[in-house]
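*Asks:* Protein chains in written order, with this note's numbering: chain C, 18 to 262; chain W, 279 to 694; chain Y, 880 to 1134.
Beta carbons are placed, not taken as given, at the ideal position from N, Cα and C, and that holds for glycine.
All values reported here derive from a predicted model rather than from experimental measurement.
Before anything else, here's the structure in question.
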Amino acid sequence: MDRIVIEGLGKRYGRQWALRGVNARFAPGEVVMVIGPNGSGKTTLIKCLLGLVHATEGGIVVSGKPVGKDPSYRAGIGYMPQLAEFPRELTVEQLLRMMNDIRDARSGSSDDRLINLLGVDALLDKRISALSGGMRQKVSAVLAFRYRPEILVLDEPTAGLDPVSAGKLLDAVMRARREGATVIITSHIMEEVQRLGDRVVYMEDGRLRFTLPPELIAEATGEKSLSAALPKYIAQLPPQHVEGL
Amino acid sequence: MSMATMPRLWTMALALGLLADASAKTWRHAAPSGLNALIARAQPGDTIRIAGTVAEGTITLNKRLVVLGEANAVVDGGGRGDVIIVSADSVTVKGLTVRGARHGNLEDMAGIKVSDCRGARLIGNTLDRCFFAIYLNNAHGALLEGNHVNGDEADPDRMANGIHLWKCDGITIRGNRVHHHRDGIYLEFVTDSRIEGNHTWKNQRYGLHFMFSHRDAYERNRFEDNGAGVAVMFSKEITMLRNEFRKNLGGSAYGLLLKEINDARIERNIFADNTVGILVDGCNRAQVQDNEFRGNGWAVKLFANSTATVFERNLFAGNTFDMTTNGDLVLSELRGNYWDRYNGYDLDRDGRGDVPHRPLSIFALVAERMPFAMVLSRSLMVNLLDQSERIVPTLTPAALEDKQPLMKPPHGSDRH
Amino acid sequence: MWKVCKYTLIDLARNRFALGYALLLLVITVGLFMLEPDNTKALITLTQVVLALTPLLALVFTIIWYFNQYEFTVLLAVQPLPRAAITRAQYIAVSTALVLSFLLGVGLPLMAWAPGPVAFTLLLTGSALTLVFCALGLWIAVRQRDRARAVGIGLATWVTMMLLYDTLLLWIMFTFSDRPIEPLIIPLAALNPIDLSRILIMLRIDLAALLGYTGAVYQQFFGSGGGMLASAAALLLWALVPAALATRAFARKDL
Chain C
18 MDRIVIEGLG
28 KRYGRQWALR
38 GVNARFAPGE
48 VVMVIGPNGS
58 GKTTLIKCLL
68 GLVHATEGGI
78 VVSGKPVGKD
88 PSYRAGIGYM
98 PQLAEFPREL
108 TVEQLLRMMN
118 DIRDARSGSS
128 DDRLINLLGV
138 DALLDKRISA
148 LSGGMRQKVS
158 AVLAFRYRPE
168 ILVLDEPTAG
178 LDPVSAGKLL
188 DAVMRARREG
198 ATVIITSHIM
208 EEVQRLGDRV
218 VYMEDGRLRF
228 TLPPELIAEA
238 TGEKSLSAAL
248 PKYIAQLPPQ
258 HVEGL
Chain W
279 MSMATMPRLW
289 TMALALGLLA
299 DASAKTWRHA
309 APSGLNALIA
319 RAQPGDTIRI
329 AGTVAEGTIT
339 LNKRLVVLGE
349 ANAVVDGGGR
359 GDVIIVSADS
369 VTVKGLTVRG
379 ARHGNLEDMA
389 GIKVSDCRGA
399 RLIGNTLDRC
409 FFAIYLNNAH
419 GALLEGNHVN
429 GDEADPDRMA
439 NGIHLWKCDG
449 ITIRGNRVHH
459 HRDGIYLEFV
469 TDSRIEGNHT
479 WKNQRYGLHF
489 MFSHRDAYER
499 NRFEDNGAGV
509 AVMFSKEITM
519 LRNEFRKNLG
529 GSAYGLLLKE
539 INDARIERNI
549 FADNTVGILV
559 DGCNRAQVQD
569 NEFRGNGWAV
579 KLFANSTATV
589 FERNLFAGNT
599 FDMTTNGDLV
609 LSELRGNYWD
619 RYNGYDLDRD
629 GRGDVPHRPL
639 SIFALVAERM
649 PFAMVLSRSL
659 MVNLLDQSER
669 IVPTLTPAAL
679 EDKQPLMKPP
689 HGSDRH
Chain Y
880 MWKVCKYTLI
890 DLARNRFALG
900 YALLLLVITV
910 GLFMLEPDNT
920 KALITLTQVV
930 LALTPLLALV
940 FTIIWYFNQY
950 EFTVLLAVQP
960 LPRAAITRAQ
970 YIAVSTALVL
980 SFLLGVGLPL
990 MAWAPGPVAF
1000 TLLLTGSALT
1010 LVFCALGLWI
1020 AVRQRDRARA
1030 VGIGLATWVT
1040 MMLLYDTLLL
1050 WIMFTFSDRP
1060 IEPLIIPLAA
1070 LNPIDLSRIL
1080 IMLRIDLAAL
1090 LGYTGAVYQQ
1100 FFGSGGGMLA
1110 SAAALLLWAL
1120 VPAALATRAF
1130 ARKDL
């Protein structure tokens, strides 16, 4: 059974459609890489899934629950934004406790492996305001993974991280996948997309152009690396349908 | 001989009289009736002690007697007329509770009426809901001390004046408490008298009221919550010192109303929380010095028909309006007062502001015309309006200004 | 909601601007009473400062805080929480922090120097104004995407309520002074929360003058139990309605 079902999803800002006619299904244990140029609708798609943006038409069903007014479906979502900001005067420990309280998580039910892996345990007494950008990303990663989410949404997760931490984070992604999570990642780094992705979702002008496993894209173009294959593959696509846009 | 020392001389005379009178007797009366008969038998100089309640109508003291009330001594007039009439010189009435004067507007019936005599002493009596309480008519050198004059709290409208003086001189009124009457203390054609340390409150009209009275002084009295405050009218050379005028509130209520009076001295008084602190109407040469005006609606209403009124070293703080006037030409003077609204500076550090203060507010004029404009009182807009008017007077008389306003309140809090 | 509120308050308790606000008020109040030789004058000046400053700072602080907090608010919106709970928690936290700052900065010295009915009314209305303008600030902030624009709208709101509204009132009074507009003026003034607060304080400071007017409309209107209740209800509405509007706007907003 699909964990995420997106049907006829569209979002209009004023007269401009940011997203239109998106259909997709994502399964448990699958890593989905969402790529596309700036303004292609990646962010809007993810925000619709997170419930941050209200769809103009169509909808999303997550584990059988429609994305809408009832916030309970979000209990199964872990989200790591591109740039994490937290209340500056809280300590890291207080922040973790706050999230625990919001999630009504009992001690023991949360996954604290990343805290040690990323070295966040050394930061527990520090105020957020004393953390560097990279440290905040690590805290953000900890929060995203902590409640064993069925769905992980990571927005450019490695952007602010050092290579070692980035590696650890991607290991955690793979582990989550093994444990059955649906992982949705936006990334500009094609090596990452190629290495992690079970499927690539390509967005352009508010449309979902294709979803394919990265190796199929490579195969179709005869290139080894996705970064080389992707432009070729896109170039041979039929021109975009423009009705309604 | 100063008239102010008269009461003391009368006291001495009385004492000498008693000493000389070797045959003076003390009587004790403890029956509801028969007091007038006893008075008829007594000789001048005798003392009558009264116990219990006497209820035989009007008692007339027509010879030099001392009447002393024991505890619970009551003289009840039964509503038939005056209760006690004093018509001889040097009578003392002390420690009685007097009630039952007849009410009615045709005759002035009183609890104790003193007529056409000298040296009466009324001390420590309680006058309970009498029409007039103490009434002096053509009396000289009398002393009224420590009496408690209470009117009718339930129906003060039917009461006449508490202490009422008509054509008297050399009177001392000291330490009495008067409340719930029409006027607390009323003086008409009264000269060379002193009113000090009294407390009047909740009287229907004025706490103290002068008419056509001259060379009198009142000092250290408290006037609180009376219908219209204190009025001094058509009088000359009245000295008003260290009194407190408080909470006289209402449409025509004043702390002090001065009407057509000359050469008044008004010094070191406190005017607090009155609708109008002082209203000066048609007065000449009033000296208003070292007073404190706090929290009044209008601290001073100075009518333009007054001349040579001098305001000096007074304190104005927390009043809604410090000063208003009704004409363009103001012949009065402001010298070195403290104004809490003053926001000038004192570069030469002599304690006096270097730029003059104009206490008239344009908003006061607006509120005069449209009382409902008061909703804007103390708003930023009204402050800006008033500030600009102070800098460039357009609608208020520019002449009324304090050229050297004080930077700090004068003489602190050691007023009394 | 209370969980969010609690941690937001912990954060605000260490917020340097909230502390700075308390300190600023403390300095102003203590300074006024120390420098001003007359307590009555100090109290009246303080009244005017409070009436101007609390709305302004509540507006600006709430707006800036909202935008500083925005990314985290988005993160909260991804948690299994209703949107309304987030806005309510934030409103309660910010307004509580500002009211506490106000009571600390103004209340403490006031209790020391000039306790009494005026001080009491001042603290009450100052707190009410903080609640009102926090709600307005939140509403403005939620509806704007741009911080500078939101602050601009906040300032415009303040100038309108502080000055323009009264100017308009005075203009109405002068223009229609020959008509029976008196019954209209007081309710009209009471519509503006700053004016209403000022009138409530003025009823104590300027009572003597107000009683000088026949009819004593003001006393009837505000002095009675019903009037006091109506005033309190009006101020409460001024806080609750914008807070509810902010909650609704945030719930409908695309973050």
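Show which residues of chain C have a CB atom less than 9 angstroms away from the CB atom of residue 956 of chain Y.
*Replies:* Simply 67, 68, 69, 88 and 91.
*Asks:* Please state the DSSP three-state secondary structure of residue 586 of chain W.
*Replies:* Strand, per DSSP.
*Asks:* Under 7 angstroms Cβ to Cβ from residue 685 of chain W, same chain only, skipping five residues before and after it: list those, please.
*Replies:* Excluding sequence neighbours, residue 685 of chain W sits near 624, 629, 630 and 631.
*Asks:* Counting only beta-carbon atoms, is residue 128 of chain C nearer than 8 angstroms to chain Y?
*Replies:* Output row for residue 128 of chain C: interface = no.
*Asks:* So, do the segment 639–655 of chain W and the segment 883–897 of chain Y have three or more beta carbon pairs nearer to each other than 8 angstroms?
*Replies:* Output reads no: the segment 883–897 of chain Y does not touch the segment 639–655 of chain W.
*Asks:* Could you check how far apart the C-beta atoms of residue 104 of chain C and residue 946 of chain Y are, in whole angstroms? I think they sit under 8 angstroms.
*Replies:* Between residue 946 of chain Y and residue 104 of chain C the Cβ distance is about 14 angstroms, and since that is not below 8 angstroms, they are no contact.
*Asks:* Please confirm whether residue 1134 of chain Y has its beta-carbon closer than 8 angstroms to some beta-carbon of chain C.
*Replies:* Closer than 8 angstroms: yes.
*Asks:* Please decide whether residue 960 of chain Y counts as near chain C, where near means a Cβ-Cβ distance under 8 angstroms.
*Replies:* Yes, residue 960 of chain Y lies at the interface with chain C (some Cβ there is under 8 angstroms from its Cβ).
*Asks:* Got a sec? Which residues, its chain only, sit under 7 angstroms from residue 662 of chain W by beta carbon, not counting five neighbours each side?
*Replies:* Cβ within range, chain order: n/a, list empty.
*Asks:* Does DSSP put residue 610 of chain W in a helix, a strand or coil?
*Replies:* In this structure, residue 610 of chain W counts as strand in the three-state DSSP scheme.
*Asks:* For residue 693 of chain W, which residues from the same chain have a beta carbon less than 7 angstroms from its beta carbon, with the 5 sequence-adjacent residues on both sides left out?
*Replies:* Only weak support is given to the placement of residue 693 of chain W: the predicted model assigns it a pLDDT of 45, under 50, and the value that follows is read from those uncertain coordinates. 546, 548 and 570.
*Asks:* Counting only beta-carbon atoms, is residue 890 of chain Y nearer than 8 angstroms to chain C?
*Replies:* At least one chain C Cβ lies under 8 angstroms of residue 890 of chain Y.
*Asks:* Closer than 7 angstroms between beta carbons: that is the criterion. Which residues of the segment 889–919 of chain Y meet it against chain C?
*Replies:* Against chain C - using a Cβ distance shorter than 7 angstroms - the residues of the segment 889–919 of chain Y are 889, 890, 893 and 894.
*Asks:* Look at residue 1022 of chain Y and residue 1130 of chain Y and say whether their C-beta atoms are less than 8 angstroms apart.
*Replies:* Contact: no.
*Asks:* Tell me whether the beta-carbon of residue 50 of chain C lies closer than 8 angstroms to the beta-carbon of residue 197 of chain C.
*Replies:* No. Outside cutoff.
*Asks:* Given 7 angstroms as the limit, tell me if residue 76 of chain C has its C-beta closer than that to any heavy atom belonging to the ligand NAD.
*Replies:* In the structure shown, the ligand NAD is absent, as is every other ligand, since no ligand is present at all.
*Asks:* Give me the Cα-Cα distance between residue 216 of chain C and residue 65 of chain C, rounded to the nearest whole angstrom.
*Replies:* Using only the alpha carbons, I get a separation of about 20 angstroms.
*Asks:* Using alpha carbons as the reference points, say which of W:499, W:670, W:367 and W:666 lies closest to residue 418 of chain W.
*Replies:* For the residues W:499, W:670, W:367 and W:666, the minimum Cα distance to residue 418 of chain W belongs to W:367.
*Asks:* Pull out every residue of the segment 961–977 of chain Y whose Cβ sits closer than 7 angstroms to any Cβ of chain C, in chain order.
*Replies:* Those residues of the segment 961–977 of chain Y that come within reach of chain C (Cβ to Cβ, closer than 7 angstroms) are 961.
*Asks:* For residue 880 of chain Y, collect the residues of the same chain with a Cβ closer than 7 angstroms to its Cβ; drop the 5 residues on either side in sequence, then sort them by chain order.
*Replies:* So the list reads 964, 967 and 968, once near-sequence residues are dropped.
*Asks:* For residue 391 of chain W, write down the residues that DSSP places opposite it in a beta bridge.
*Replies:* Answer is W:363 and W:413.
*Asks:* So who's on the other strand from residue 567 of chain W, going by DSSP bridges?
*Replies:* Bridge partners of residue 567 of chain W: W:545 and W:590.
*Asks:* Do you know offhand how far residue 108 of chain C's Cα is from residue 889 of chain Y's?
*Replies:* Distance between the alpha carbons of residue 108 of chain C and residue 889 of chain Y: 10 angstroms.
*Asks:* Distance, Cα to Cα, residue 484 of chain W vs residue 384 of chain W?
*Replies:* The straight-line gap from Cα to Cα measures roughly 22 angstroms.
*Asks:* Hey, is the segment 1073–1082 of chain Y in contact with the segment 989–1007 of chain Y, meaning 3+ C-beta pairs nearer than 8 angstroms?
*Replies:* Contact holds: three or more Cβ-Cβ distances are below 8 angstroms.
*Asks:* What's the gap between the Cα of residue 1091 of chain Y and the Cα of residue 645 of chain W?
*Replies:* Cα-Cα distance, rounded: 11 angstroms.
*Asks:* Below 8 angstroms, can you find three or more Cβ-Cβ pairs linking the segment 891–899 of chain Y to the segment 919–934 of chain Y?
*Replies:* No, they do not touch.
*Asks:* What does the Cβ neighbour count give for residue 657 of chain W, buried or exposed, with the cut at 16 atoms within 10 Å?
*Replies:* By the 10 Å Cβ count, residue 657 of chain W comes out buried.
*Asks:* Using the beta-carbon of each residue, which ones in chain Y are nearer than 8 angstroms to residue 322 of chain W?
*Replies:* Those within 8 angstroms of residue 322 of chain W in chain Y number zero; the least Cβ separation is about 54 angstroms.
*Asks:* Distance, Cα to Cα, residue 577 of chain W vs residue 307 of chain W?
*Replies:* Near 54 angstroms, if we compare the C-alpha coordinates of residue 307 of chain W and residue 577 of chain W.
*Asks:* Check for me: the beta strand (DSSP E) holding residue 474 of chain W runs from which residue to which?
*Replies:* Residue 474 of chain W -> beta strand (DSSP E) spans 472–474.
*Asks:* Going by the CB atoms, is the gap between residue 447 of chain W and residue 478 of chain W shorter than 8 angstroms?
*Replies:* No, the pair does not count as a contact, with Cβ atoms beyond the cut-off.
*Asks:* Using a Cβ-Cβ cut-off of less than 7 angstroms, list which residues of the segment 601–624 of chain W approach chain Y; keep chain order.
*Replies:* If the cut-off is 7 angstroms between Cβ atoms, the segment 601–624 of chain W has 618 near chain Y.
*Asks:* Please report the Cβ distance between residue 465 of chain W and residue 443 of chain W, rounded to the nearest whole angstrom; I am assuming they are in contact, meaning their Cβ atoms lie under 8 angstroms.
*Replies:* Residue 465 of chain W to residue 443 of chain W, Cβ: 5 angstroms. Contact.
*Asks:* May I ask you to list, following chain order, the residues of the segment 101–112 of chain C that have a beta carbon less than 9 angstroms from some beta carbon of chain Y?
*Replies:* Answer set for the segment 101–112 of chain C: 101, 102, 103, 104, 105, 106, 107, 111 and 112.
*Asks:* Listing by chain order, which chain C residues have their CB less than 7 angstroms from the CB of residue 951 of chain Y?
*Replies:* Going along chain C in sequence order, the residues near residue 951 of chain Y (Cβ under 7 angstroms) are 102, 103 and 104.
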